[in-house]
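In terms of the working numbering, the sequence shown is residues 4 to 283.
Note sheet for the following structure.
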Amino acid sequence: MEGKKTGLYEQHLAMGAKMVPFAGFIMPVNYSGIIDEHLAVRKNVGVFDVSHMGEFEFRGADARKFLNWITTNNVAHLEPGGVQYSAMLYENGGVVDDLLIYSFDDHYMMVVNASNIDKDFKWIKDHLTGDVQLTDISYQTTLLAVQGPHAVDVLRKITNTPLDEISYYHFRAGKVAEIDALISRTGYTGEDGFELYFKREFSLHTWEALFEAGEEFGIKPAGLGARDSLRLEVCYNLYGNDMDQTTNPIEAGLGWIVKTKKAGGFIGKEQVLKARQITT
């Protein structure tokens with residue numbers, strides 16, 4: 004089986020994961036079983052290796068203005084420590100990708116779907132204007148999603164960061180298992196939980212720390228199968244299934260992240276306005 008591997012590939016094999024090709028990666032689809040992992044997240048806590056997702060950094064004096072132009076939501080309303088769900092559109096209104104934007108004091112980070120990393124990076128690069136430095140940090144970044152009612156209990160055992168002060172769709176930089184990490188109260192399951200971003204070389208260290216801390220809470224590893232069933236249960240969109248370049252965000256039910264009145268507009272705005280007229 005050929006494909007890119009996350010920093011936890013060998014650990015997944017050791018834990019009995021069934022590995023499958025996905026978006027150019029070799030990823031765990033399940034361990035104990037999709038239903039078992041699904042219920043573990045709903046009732047207790049599960050951990051997903053989602054390091055196949057892409058991360059881009061934007062720096063420079065014009066980073067905010069540029070991001071506001073290429074995405075549908077209003078980046079001007081995003082304060083440091085905040086996370087924003089948004090989308091990028093082609094000129095014809097079709098969806099390039101749906102994404103998250105993280106706002107830091109001096110830069111931004113965009114998180115994109117694994118299947119779109121190369122395509123998105125090229126599309127953004129082709130539209131670059133002004134003082135903006137774009138960097139792909141995907142390979143060097145590990146992303147673990149700790150999700151479920153006991154996610155906060157597990158994480159609290161290995162961090163001194165005040166988790167109760169991190170509200171939904173916000174993040175803080177802190178220490179997790181004594182390594183530097185970005186702790187984000189976000190997820191793709193409909194449960195409370197956190198997504199942890201940190202350097203790839205600490206993948207196994209952090210994974211093992213989470214499972215040691217979560218043993219008393221019935222922690223389980225979860226694969227892409229449960230991730231899909233969990234997101235379906237709460238009606239979260241998946242690029243390639245619910246939207247793509249042939250779908251505008253209104254058709255995809257994403258009108259709430261499309262801010263047509265924001266200053267400066269955005270790529271694809273005119274087609275979105277036409278789509279809204281048709282559907283109303």
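For every residue, glycine included, the Cβ atom is placed at its ideal position computed from N, Cα and C.
These figures come from a predicted structure and were not determined experimentally.
To the nearest angstrom, report how far apart R45 and Q150 are at their CA atoms.
For the purposes of this step, residue 45 is taken as the residue at position 42 of the sequence shown. For the purposes of this step, residue 150 is taken as the residue at position 147 of the sequence shown. Near 8 Å, if we compare the C-alpha coordinates of Q150 and R45.
Give the range of the beta strand (DSSP E) segment to which R203 is assigned.
In the sequence shown, residue 203 corresponds to position 200, counting from 1. Taken as a continuous stretch (DSSP letters only), R203 belongs to no beta strand (DSSP E), as it is neither H nor E.
Do V237 and F174 come within 7 Å of each other at the CB atom, strictly closer than that value?
Residue 174 sits at position 171 when you count from the first residue of the sequence shown. Residue 237 sits at position 234 when you count from the first residue of the sequence shown. Their beta carbons are not under 7 Å apart, which means F174 does not touch V237 by this criterion.
So who's on the other strand from R175, going by DSSP bridges?
Mapped onto the sequence shown, residue 175 falls at position 172. Answer by DSSP bridge pairing, in chain order: I186.
If you measure between the beta carbons of G217 and V53, is that distance less than 7 Å?
Position 214 of the sequence shown, counted from the first residue, corresponds to residue 217. Position 50 of the sequence shown, counted from the first residue, corresponds to residue 53. Not a contact, by the Cβ cut-off of 7 Å.
Given a threshold of 16 other Cβ atoms within 10 Å of its Cβ, counted over all protein chains shown, does G226 qualify as buried or as exposed?
In the sequence shown, counting from the first residue as 1, residue 226 sits at position 223. The residue is buried, with at least 16 neighbouring Cβ atoms inside 10 Å.
If you draw a straight line from the C-alpha of S232 to the C-alpha of A154, how long is it?
Indexing the sequence shown from 1 puts residue 232 at position 229. Indexing the sequence shown from 1 puts residue 154 at position 151. S232 and A154: Cα-Cα distance of roughly 19 Å.
Determine the direct distance from the alpha carbon of K122 to that of A278, and round the result to whole angstroms.
Walking along the sequence shown from the start, residue 278 turns up at place 275. Walking along the sequence shown from the start, residue 122 turns up at place 119. Roughly 25 Å between the two C-alpha positions.
Please work out which residues of its chain come closer than 8 Å, Cβ to Cβ, to V261, disregarding the five sequence neighbours upstream and downstream, and give them in chain order.
Position 258 of the sequence shown, counted from the first residue, corresponds to residue 261. Only T75, N76, A90, P252, I253, V275 meet the Cβ criterion.
Secondary structure at T209, three-state DSSP: helix, strand or coil?
Looking up residue 209 in the sequence shown gives position 206. Helix, per DSSP.
Using 8 Å as the Cβ pair cut-off and three pairs as the minimum, do the region 128-141 and the region 21-38 touch?
No, the region 128-141 does not touch the region 21-38.
Quick check on the burial criterion: 16 or more other C-beta atoms within 10 angstroms. Buried or exposed for A176?
One-based indexing of the sequence shown puts residue 176 at position 173. It counts as exposed.
What does the Cβ neighbour count give for T249, buried or exposed, with the cut at 16 atoms within 10 Å?
Position 246 of the sequence shown, counted from the start, is the residue given in the question as residue 249. With fewer than 16 Cβ atoms within 10 Å of its Cβ, T249 is classed as exposed.
Beta-carbon separation of I169 and S141 under 7 Å?
Taking the first residue of the sequence shown as 1, we reach residue 169 at position 166. Taking the first residue of the sequence shown as 1, we reach residue 141 at position 138. No, the Cβ-Cβ distance between I169 and S141 is not below 7 Å.
Can you give me the start and stop residues for the alpha helix (DSSP H) that S232 sits inside?
Here the question's residue 232 lines up with position 229 in the sequence shown. Looking at the DSSP string, the run of the alpha helix (DSSP H) that includes S232 is 227-236.
Output the distance between the C-alpha atoms of T19 and E13, rounded to the nearest integer angstrom.
Against the sequence shown, residue 19 aligns to sequence position 16. Against the sequence shown, residue 13 aligns to sequence position 10. At residue 19 the sequence reads Gly, which differs from the Thr that was named. Computed Cα separation, rounded: 10 Å.
Short of 7 Å in beta carbon distance, which residues of its chain neighbour H110, apart from the five on each side in sequence? Order them along the chain.
Position 107 of the sequence shown, counting from 1, holds the residue named residue 110. Only E60, F61, R62, A66 meet the Cβ criterion.
At which residue ranges does the region 91-154 contain complete beta strand (DSSP E) runs of 3 or more residues, listed in the order of the chain?
Listed in chain order, the complete beta strand (DSSP E) runs (minimum 3 residues) inside the region 91-154 are 98-106, 111-115, 136-139, 144-150.
Whole angstroms are fine: how far does the CA of V50 sit from the CA of A266?
Sequence index remark: in the sequence shown, residue 266 carries index 263 (1-based). Sequence index remark: in the sequence shown, residue 50 carries index 47 (1-based). Those two C-alpha atoms are separated by around 40 Å.
Would you check if the region 201-216 and the region 21-32 touch, i.e. whether three or more CB-CB distances between them fall below 8 Å?
Touching, no, given that fewer than three Cβ pairs across the two stretches are closer than 8 Å.
Short check: CB of F269 to CB of W72, under 7 Å?
The sequence position of residue 269 within the sequence shown is 266, counting from 1. The sequence position of residue 72 within the sequence shown is 69, counting from 1. Yes.
Considering only their Cβ atoms, is the gap separating E58 from M112 smaller than 7 Å?
Residue 112 sits at position 109 when you count from the first residue of the sequence shown. Residue 58 sits at position 55 when you count from the first residue of the sequence shown. Yes, the Cβ-Cβ distance between M112 and E58 is below 7 Å.
Need the endpoints of the beta strand (DSSP E) that E2 sits in, please.
Nothing in the structure corresponds to residue 2, since the chain is present only between 4 and 283.
Going by DSSP, what residue range makes up the alpha helix (DSSP H) through T71?
On the sequence shown, position 68 is the one that residue 71 refers to. What sits at residue 71 in the sequence shown is Asn, not Thr. Unbroken alpha helix (DSSP H) run through N71: 66-73.
Helix, strand or coil, according to DSSP, for I3 in the structure here?
Residue 3 lies beyond the range of the chain shown here (4 to 283); nothing can be said about it.
Might you give, ordered along the chain, the residues of its own chain that have their beta carbon closer than 6 Å to the beta carbon of Q136, omitting 5 neighbours on each side?
Locating residue 136 in the sequence shown gives position 133, counting from the first residue. Taken in chain order, the residues that qualify are R62, G63.
Using 7 Å as the threshold, is the C-beta distance between L158 and F197 below it?
For this step, residue 158 is matched to residue 155 along the sequence shown. For this step, residue 197 is matched to residue 194 along the sequence shown. Cβ atoms of L158 and F197: closer than 7 Å.
Pick from F124, Q280, L70, T145: whose alpha carbon is nearest that of I104?
Counting from 1 along the sequence shown, the entry for residue 104 is found at position 101. That would be L70, whose Cα lies nearest to the Cα of I104.
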